[in-house]
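Heads up, the sequence shown is in the working numbering, so the first residue is 615 and it goes up one at a time. For glycine and all other residues, C-beta sits at the position ideal for the given N, C-alpha and C. Please read these numbers as outputs of a predicted model, since none were measured by experiment.
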Amino acid sequence: MIDFICGKVINVKDSSITVLTNGIGLNFQIPQTHNIKEGDNVELQTYFHWNSDNGPSLFAFEKELDKTTFLLIIDCHKIGPKIAINILSQIPSEDFLEAVLQNDDKRLSNLNGIGAKKSEQIIIELKNKVTKLITTGKIQLQDKQSTMHWQNLSDALLSLGYSKPEVGSAFKFLREANLSDLSFDQLLRKSLGFLSKGI
């Protein structure tokens with residue numbers, strides 16, 4: 615089983631990438647919020663899925679938490695990898711897990727492809743599992759205030775017409791530049807400055 619992969623990204627699309635490793639190009643489906651660019655050398659968490667109709671599929675994640683969240687989602691009854699990737703393309707793992715813990719089915723039902731019944735099902739099936747992972751220290755979430763801070767920033771940038779991948783790139787820039795502790799207004803200005811330069 616492929617647990618992770620190291621290699622060079624040779625092709626990037628909205629929902630998939632191709633990684634060259636040991637002379638082999640492997641195509642992975644990946645959340646659309648990824649910050650990966652062509653030419654990047656990456657180490658990604660991976661998951662191999664087999665479907666009797668469509669055969670094998672590979673999925674990749676930049677963070678261990680994203681993979682853990684993905685595995686939790688597909689463990690739900692009648693929810694497969696495509697739906698899980700769709701969810702993680704619309705909401706960060708931390709926010710998804712917070713919504714589960716807070717019984718926030720309204721927030722989950724607002725995601726494309728996730729209706730009221732499915733959001734309730736996800737919460738019912740995952741709440742105890744997520745709680746156990748947190749209490750055992752296997753996953754850690756940001757505090758609620760910090761999570762909402764980033765969510766508000768994401769909403770603001772999306773409302774200004776930026777795409778989810780662009781928002782993800784701005785977040786990566788802010789964190790790598792150690793700017794996460796700035797106020798909301800400062801973070802918004804820094805994000806707009808970064809995005810306007812097209813870096």
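Beta-carbon separation of residue 767 and residue 712 under 9 Å? no
Hey, how far is the Cα of residue 699 from the Cα of residue 796? 31 Å
Would you call the CB atoms of residue 645 and residue 733 closer than 9 Å? no
Quick one: is residue 708 buried, meaning 16 or more other Cβ sit within 10 Å of its Cβ, or exposed? buried
Taking Cβ positions, are residue 623 and residue 665 nearer each other than 9 Å? no
Assigned secondary structure, residue 717 (DSSP; H/G/I helix, E/B strand, else coil): coil
Can you pull the DSSP bridge partners for residue 728? DSSP output for residue 728 lists no bridge partner at all.
Say whether the region 735–751 touches the region 778–793, bearing in mind that this needs 3 or more beta-carbon pairs closer than 8 Å, one atom from each stretch. no
Going by C-alpha distance, which of 690, 695, 683 is nearest residue 673? Among 690, 695, 683, the Cα nearest to that of residue 673 belongs to 695.
Considering only residues of the same chain and omitting the five flanking positions on each side of residue 730, which have a CB-CB separation below 6 Å? 723
Tell me the residue span of the beta strand (DSSP E) that contains residue 658. 655–665
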